[in-house]
Amino acid sequence: MRKLFGTDGIRGVAGRFPLDEETVCAIGLALAEFVGTQGGSRVLIGRDTRESSPWIAGRLSQALAYRGIAAIHDLGVIPTAGLAYLTRARGYDLGIMISASHNPYQDNGIKLFSGQGFKISDDRELEIERSIESWRNTPAVSACRGSAGPDKRESLAADYLDFLSRQAGSGLEPLRVGLDVCNGAAGVIGPRLFNRLGAEVTVINDRPDGRNINRNCGSLHLEGLTRAVEANSLDLGVAFDGDADRVLCVTGSGKWLDGDHFLYALSRDWKAKVVGTIMTNLALEKALIREGIPLIRTPVGDKYVLEAMRTSGAVLGGEPSGHIILGNLHTTGDGILTAVKLAELLVRRGLSLDDLVAGYRPFPQVLDGLRVSRKIPIEQSPELLALIGNARAQLSDSGRMVVRYSGTEPLLRIMAEGRELAQSKPRWKA
Numbered sequence: 000m001r002k003l004f005g006t007d008g009i010r011g012v013a014g015r016f017p018l019d020e021e022t023v024c025a026i027g028l029a030l031a032e033f034v035g036t037q038g039g040s041r042v043l044i045g046r047d048t049r050e051s052s053p054w055i056a057g058r059l060s061q062a063l064a065y066r067g068i069a070a071i072h073d074l075g076v077i078p079t080a081g082l083a084y085l086t087r088a089r090g091y092d093l094g095i096m097i098s099a100s101h102n103p104y105q106d107n108g109i110k111l112f113s114g115q116g117f118k119i120s121d122d123r124e125l126e127i128e129r130s131i132e133s134w135r136n137t138p139a140v141s142a143c144r145g146s147a148g149p150d151k152r153e154s155l156a157a158d159y160l161d162f163l164s165r166q167a168g169s170g171l172e173p174l175r176v177g178l179d180v181c182n183g184a185a186g187v188i189g190p191r192l193f194n195r196l197g198a199e200v201t202v203i204n205d206r207p208d209g210r211n212i213n214r215n216c217g218s219l220h221l222e223g224l225t226r227a228v229e230a231n232s233l234d235l236g237v238a239f240d241g242d243a244d245r246v247l248c249v250t251g252s253g254k255w256l257d258g259d260h261f262l263y264a265l266s267r268d269w270k271a272k273v274v275g276t277i278m279t280n281l282a283l284e285k286a287l288i289r290e291g292i293p294l295i296r297t298p299v300g301d302k303y304v305l306e307a308m309r310t311s312g313a314v315l316g317g318e319p320s321g322h323i324i325l326g327n328l329h330t331t332g333d334g335i336l337t338a339v340k341l342a343e344l345l346v347r348r349g350l351s352l353d354d355l356v357a358g359y360r361p362f363p364q365v366l367d368g369l370r371v372s373r374k375i376p377i378e379q380s381p382e383l384l385a386l387i388g389n390a391r392a393q394l395s396d397s398g399r400m401v402v403r404y405s406g407t408e409p410l411l412r413i414m415a416e417g418r419e420l421a422q423s424k425p426r427w428k429a
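With numbering that gives the first Met the number 0, letter number 131 in the sequence shown gets 130, and the count goes up by one each step, no holes.
What follows is the structure, given as structure tokens:
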């Protein structure tokens, strides 16, 4: 069992275990060991705008240097997908992203990418965990702090911008687009890209101060973007999370769209099978069946979506949260790339975003989360199993219930959905 790694890397409150300075140094020492066993010596680091991201990147760099990693390059603030792209395109052996994605600024995290641009496998994460434990409380943890920091390579971000630009066909003119960059990693590249592609761009939440990332903005808070779309008569609004690996949208009429809407629209255009998760709306599965498009479900986590995509040969997968993987274009979820492909589809087909998803109406969902002190296996709790069984019996074949522990927070997540849940408030506007 992995103890440090969740569904998306190592995550916690910055300054506390496992992101206290000593453990971060141990993580860096373990990553140097990991890179060495792979025969590599080049590491690329990126980060989001949290106030803790620079010192975490610095401690990791010092530990890597102490263990003899020859080239440690710092991209500065960049989306997670940009770090993954450049790790592969520029021939690095390991990519390290410092971010806690959609979490508040107090949290942070460490995401790892292989030299091929893919997230590190569970087995590799377990190896790294064992190495971290072996390095903790050793003299090397203190000694590595005197090592040199990384070399700046912020100019490499231009390569990622060029890659994104090539995905928009003949451009995005005359679209009017609103961008909520979440005071996060999309703040520079997002507006620059859409302006380059000819769209008329309105930007909000683009003044990061280290503490306002995800605060009442971005993909978890669409209210401000909805107001901007309505006030400026925009064709669509695009909201990223802190590291821009997920995206949600607001249509010109003010409706909120999640990742399932994007899978519906893109799969119909690409005539491609879809990989979703256990959280993918049942209505999407039924809508895809009507189109003759198969849906494959996986556990929650874009890592598992990607694994199923590679196994099945699918090029399209994602989650309701807005993690969308376009496997024929990239190796990981990319909110900016997803937004570009949706915008390009609107221009190419001459449709509104409302029109594009008109054939999909999600079933209402009830979502809740219970904070827990320990993640006791669900199958070992008779009381919980009885409650789940009773609820599923009530839903019958017209709905689903999913109970799972969060992979990134101490929460037991509960989701119920069905055609007959009309009396309950859905999470997304239909």
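Using N, Cα and C, we set each Cβ at its ideal position, and we do this for glycine too.
Which residues does DSSP pair with residue i in a beta bridge?
i	result
residue 72	43 and 150
residue 197	For residue 197, which the question treats as bridged, DSSP gives no partner whatsoever.
residue 112	94 and 118
residue 276	297
residue 416	364 and 399
residue 325	315
residue 287	Note: residue 287 sits in no beta bridge, so no partner.
residue 82	DSSP lists no partner for residue 82.
residue 12	106
residue 411	369 and 404
For the beta strand (DSSP E) that contains residue i, what are its first and last residues?
i	result
residue 315	315 to 317
residue 369	364 to 370
residue 175	175 to 179
Taking the alpha carbon of residue i as the reference point, which residue from the options has its own alpha carbon closest?
i	options	result
residue 57	146, 32 and 220	146
residue 356	324, 267, 293 and 374	267
residue 165	369, 179, 151 and 329	329
residue 377	154, 238 and 403	403
residue 367	413, 249, 361 and 386	413
residue 325	283, 216 and 245	245
residue 103	17, 419 and 407	407
residue 278	84, 398 and 199	398
residue 24	76, 12 and 144	144
residue 264	139, 353 and 219	353
residue 283	362, 216, 227 and 306	362
residue 124	80, 34 and 252	34
residue 415	400, 175 and 348	400
residue 372	405, 253 and 327	405
Counting along the chain, where does the alpha helix (DSSP H) carrying residue i start and finish?
i	result
residue 140	138 to 142
residue 310	301 to 311
residue 23	20 to 36
residue 3	Note, residue 3: premise wrong, no alpha helix (DSSP H); not H, not E.
residue 334	334 to 348
residue 357	Element bounds for residue 357: n/a, residue is neither H nor E.
residue 105	Taken as a continuous stretch (DSSP letters only), residue 105 belongs to no alpha helix (DSSP H), as it is neither H nor E.
residue 53	52 to 65
residue 169	Run containing residue 169: none; DSSP gives neither H nor E here.
Under a CB-based cut-off of 9 Å, is residue i close to chain C?
i	result
residue 47	The structure shown contains no chain C, having only a single protein chain.
Item checked: Length at least 3, wholly inside the stretch 384 to 409: the beta strand (DSSP E) runs in chain order -> For the stretch 384 to 409, the full-length beta strand (DSSP E) segments reaching 3 residues or more read 398 to 404 along the chain.
| message | When you compare the stretch 41 to 48 with the stretch 82 to 96, are there three or more beta-carbon pairs, one atom per stretch, that lie closer than 8 Å? | response | Because the criterion of three Cβ pairs below 8 Å is met, the stretch 41 to 48 and the stretch 82 to 96 touch.
Curious, which full-length beta strand (DSSP E) runs of at least 3 residues does the stretch 196 to 265 contain?
List check, beta strand (DSSP E) in window: 199 to 203, 235 to 239 and 246 to 250.
Three-pair Cβ contact test at 8 Å for the stretch 153 to 170 versus the stretch 338 to 351: With contact defined as three or more Cβ pairs closer than 8 Å, the stretch 153 to 170 and the stretch 338 to 351 are in contact.
- Query: Just checking, does the stretch 114 to 123 make contact with the stretch 131 to 149 on the three C-beta pairs under 8 Å criterion?
  - Reply: The stretch 114 to 123 is not in contact with the stretch 131 to 149.
Between the stretch 7 to 14 and the stretch 108 to 116, do three or more beta carbon pairs fall short of 8 Å? Taking a contact to require three or more Cβ pairs closer than 8 Å, the stretch 7 to 14 and the stretch 108 to 116 qualify as touching.
**Item:** Segment contact flag, the stretch 32 to 42 with the stretch 68 to 86, C-beta cutoff 8 Å, min 3 pairs
**Value:** Touching, yes, given that three or more Cβ pairs across the two stretches are closer than 8 Å.
Quiz item: Counting pairs of beta carbons, one from the stretch 229 to 242 and one from the stretch 177 to 186, are three or more of them closer than 8 Å?
Solution: When C-beta atoms of the stretch 229 to 242 are compared with those of the stretch 177 to 186, three or more pairs fall below 8 Å, so the two segments count as touching.
Check your understanding: Is there contact between the stretch 169 to 179 and the stretch 197 to 210, where contact requires at least three CB pairs shorter than 8 Å?
Key -> These segments touch.
* Is the stretch 309 to 321 touching the stretch 250 to 259 in the sense that three or more CB pairs, one from each, lie closer than 8 Å? -> The stretch 250 to 259, when compared against the stretch 309 to 321, does touch it at the 8 Å Cβ threshold.
- [ ] Spell out a yes or no on whether the stretch 198 to 212 and the stretch 375 to 394 are touching, meaning 3 or more CB-CB pairs, one atom from each, closer than 8 Å.
- [x] As far as the Cβ criterion goes, the stretch 198 to 212 does not touch the stretch 375 to 394, which means the pair count is below three.
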